[in-house]
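If you read the sequence shown in the working numbering, its first letter stands for residue 348, the second for the next number, and so on. Following: one structure in structure tokens, then a few remarks.
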Amino acid sequence: MQRNLDLTKIKSDEDANTDAVLDDTRPGQSHKALDKLSTQHLYHPTQVEIVQSNVVFDISSLMLYGTQAVPVRLKILLDRLFSVLKQEEVLHILHGLGWTLRDYVRGYILQ
């Protein structure tokens, strides 16, 4: 019986020590991490930010130049950027990177 009590006490002491270590090592770090996870900083899904075509070109060049296919997640990001530009600006960007609009919509260049 005495042994069981000692093991229980040891276990509760370990839990207290673990909590103390987590609290003492980086005070406020867990709160900072939780703040970063909050959704306050996210845009409303319908809200669109104004972008400049030269910035979109720079971003697009990182994703499209010299490639023949676009990963789906990157294409979604590009679609969002292209949605705020004029169609002629999108066509100019795609042509400058060796893509046609049809290839871009498909997600890969046919050869």
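Using N, Cα and C, we set each Cβ at its ideal position, and we do this for glycine too.
Separation of residue j from residue i, as counted between CA atoms
{"i": "Q458", "j": "V431", "result": "30 angstroms"}
{"i": "I406", "j": "V398", "result": "11 angstroms"}
{"i": "H442", "j": "E396", "result": "24 angstroms"}
{"i": "V452", "j": "V403", "result": "17 angstroms"}
{"i": "G445", "j": "Y412", "result": "7 angstroms"}
{"i": "A416", "j": "K433", "result": "23 angstroms"}
Where residue i sits in the DSSP three-state scheme
{"i": "Y451", "result": "helix"}
Extent of the continuous alpha helix (DSSP H) run through residue i
{"i": "Q458", "result": "Counting along the chain, Q458 falls outside any alpha helix (DSSP H), and DSSP gives it neither H nor E."}
{"i": "G443", "result": "434 to 443"}
{"i": "V402", "result": "400 to 411"}
Cβ-Cβ separation, residue j to residue i (assumed contact under 8 angstroms), whole Å
{"i": "E436", "j": "S408", "result": "E436 to S408, Cβ: 14 angstroms. No contact."}
Neighbourhood of residue i by C-beta distance below 7 angstroms, restricted to the same chain and skipping five residues each side
{"i": "L369", "result": "Its pLDDT being 45, under 50, L369 is placed unreliably in this model, and the coordinates cannot settle the point."}
{"i": "L438", "result": "L448"}
Contacting residues, own chain, Cβ-Cβ under 6 angstroms from residue i (five flanking each side not counted)
{"i": "I440", "result": "F404, S407"}
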